[in-house]
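Here's the structure, in structure tokens; my notes come after.
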Amino acid sequence: MRPFRRRPTPQSTSPDAADRVSAKTLPPYTVRISPRARRVQLRVLPQGSVEAVVPRGFDPRALDSFVARHSRWISKRLASIDEQRRRRPHLFETPPSRIDLPALERAWSVDYRWDAGRPATRPRAHDALEVCAGDADAACALLQRWLMRQAKEYLVPWLRETSAELGLEINRVSVRAQKSRWGSCSAQRNISLNRNLLFLPPEGVRYLFVHELCHTVHMNHSRRFWSLVSRLDPHFERHEALLRRAHDYVPLWALPN
Ligand SMILES: [Zn+2]
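Just so you know, we're using the numbering used here here: the sequence shown kicks off at 464 and counts up by one.
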């Protein structure tokens, strides 16, 4: 599922000659060509930059008017990032001095050793980590690997337990670092999970599991799919809304490159 993209992200319609807007009012944006994209998507990244993801062969001249048409949406997103920075400054700290993984109901303080020595992440106590790295970028890379290990260690067995509990069988489970998708389920019942689920509260993770497990029965978002989801999670609407906002809870250091 890709909650982030579902509603708030503007998508292109065909470029319209009526949308001539002065370039002066345009927010600056970068362009990324994606072979998977079928239409233009705008993303406001947590760093506070704007990215337009365009399909191959898209006429770049149509982009300015597309961005201009969504400038209100962009300003709103940028304002909400500023608000986040004020309210949750620790999410923007790179490298972080503390790591919260609400999914596991655990938190760690992080200390850094910038001197030489083998780059590594070492547990110092149940709630403390020590990172030995050359610089901030290297430290974040090490922490990303540490995060992936946590995700594999805890999310995979948790999903398997949920699958057994609900009697919905699955095959392979993989964990990936993904920008927008929280999880997916293939026709072969292989489930892929986003490692950043660890930053969600446990009920959000459980809902994602239920959602993907229901796709082992219905490979679509039909009425029958949602009726199965609602039977297994009576609060699914609240949890769906939680997942749509959830990218705001992923700290900057943990965003996939
Ligand atoms: Zn789905």
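By construction, the Cβ of each residue, glycine as well, lies at the ideal position given by its N, Cα and C atoms.
These numbers come from a predicted model, not from an experiment.
Leaving aside the five residues that flank ALA601 on each side, the residues in its chain whose CB is nearer than 7 Å to its CB run, in chain order, PRO582. Non-local beta-carbon contacts of GLY511 in its own chain, meaning distances under 7 Å to residues more than five positions away in sequence, involve LEU541, ILE544 in chain order.
Looking at HIS589, LEU508, SER497, ARG524, the one whose alpha-carbon comes closest to that of VAL516 is SER497.
Using a Cβ distance threshold of 9 Å, ARG502 and PRO518 count as a contacting pair.
For the 9 Å CB-CB criterion, ILE537 and VAL513 form a contact. Going by DSSP, ILE537 is part of the alpha helix (DSSP H) stretching over 534-550. If you ignore the 5 residues before and after ASN653, its C-beta comes within less than 8 Å of the C-beta of ILE633, ASN634, ARG635, VAL636, SER637, all in its own chain and listed in chain order.
The Cβ-Cβ distance between HIS698 and GLU666 falls below 9 Å. For ARG551, the closest C-alpha among the options TYR712, TRP716, ALA717, ASN720 is that of TYR712. The C-beta separation of HIS681 from PHE672 comes to about 16 Å, leaving the pair out of contact by the 8 Å criterion. Taking a C-beta distance under 9 Å as the contact criterion, LEU663 and CYS677 do not qualify as a contact pair. Taking ARG506 as the centre and dropping the five residues before and after it, the same chain places the C-beta of GLU514 closer than 6 Å to its C-beta, in chain order. For LEU489, the three-state secondary structure derived from DSSP is coil.
Of all C-beta pairs linking the segment 564-580 to the segment 527-537, fewer than three are shorter than 8 Å, placing the two stretches out of contact.
Contiguous alpha helix (DSSP H) elements confined to the segment 660-709 occur at 665-677, 686-695, 699-708, taking only those with 4 or more residues.
GLN613: member of the alpha helix (DSSP H) spanning 599-629, first to last residue. For ILE562, the enclosing beta strand (DSSP E) covers residues 561-564.
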